[in-house]
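Take a look at the structure below.
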Amino acid sequence: MKRKILTFLSVFAIGIGSSIAMDGLTPEQEALYQSIVHEVRCLVCQNQSIAESNAELAKDLRIEIANQIKDGKTEQDIKNFLLNRYGDFVLYEPSFNKKTVFLWLSPLLLLLLIFGWYRKISLN
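Those letters in the sequence shown? Residues 1044 to 1167, per the numbering used here, in order.
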């Protein structure tokens, strides 16, 4: 019985946190909010977006994103804020820059290595 009550209270608290963050957003702003929170990685959970996470940091980030949207910030402004504050890891799709060039080019490099290895085997 205690477990059911705790589950209900935690679901209730999550719902309140989400509704507080989105309170006062227009439908366009709400769509932008949903788009951004699904693209931002929870730094505590690391394999969930902040939309899915129940961590305190994720709740704070959802509220911060909603506040910035209410202040009229664009999607790029918000992402730049998150990148400056938390680094490239915060976004599921990091930008292409000097720090992430290996990340973006490693699949191509891997394919070239496999192709070279395959050619070496087939020539022998």
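Think of the CB as a built atom: it goes at the ideal place given N, C-alpha and C, for glycine as much as any other residue.
Alpha carbons only, please: which of the options is nearest the one belonging to residue i?
i: residue 1079; options: 1151, 1117, 1146; result: 1117
Would residue i and residue j be called neighbours here (beta carbons separated by less than 8 Å)?
i: residue 1158; j: residue 1147; result: no
i: residue 1084; j: residue 1145; result: no
i: residue 1067; j: residue 1113; result: yes
i: residue 1092; j: residue 1081; result: yes
Measure the alpha-carbon distance for residue i versus residue j and round it to whole angstroms.
i: residue 1125; j: residue 1105; result: 11 Å
i: residue 1108; j: residue 1119; result: 12 Å
i: residue 1077; j: residue 1137; result: 18 Å
i: residue 1152; j: residue 1162; result: 15 Å
i: residue 1130; j: residue 1102; result: 18 Å
i: residue 1069; j: residue 1115; result: 12 Å
i: residue 1143; j: residue 1094; result: 25 Å
i: residue 1088; j: residue 1110; result: 23 Å
i: residue 1090; j: residue 1166; result: 43 Å
i: residue 1086; j: residue 1100; result: 8 Å
i: residue 1052; j: residue 1072; result: For residue 1052, the predicted structure reports a pLDDT of 48, less than 50, and the residue's modelled location is therefore unreliable. A value from the coordinates is still provided. Between residue 1052 and residue 1072, the C-alpha separation is close to 29 Å.
i: residue 1141; j: residue 1149; result: 14 Å
Quick one: using the 10 Å Cβ neighbour count with 16 as the cut-off for buried, is residue i buried or exposed?
i: residue 1074; result: exposed
i: residue 1135; result: exposed
i: residue 1156; result: exposed
i: residue 1154; result: exposed
Who pairs with residue i in a beta bridge, going by DSSP?
i: residue 1087; result: The partner list for residue 1087 (beta bridge, DSSP) is empty, contrary to what the question assumes.
i: residue 1033; result: Any question about residue 1033 goes unanswered here, given that the chain covers just 1044 to 1167.
i: residue 1078; result: For residue 1078, which the question treats as bridged, DSSP gives no partner whatsoever.
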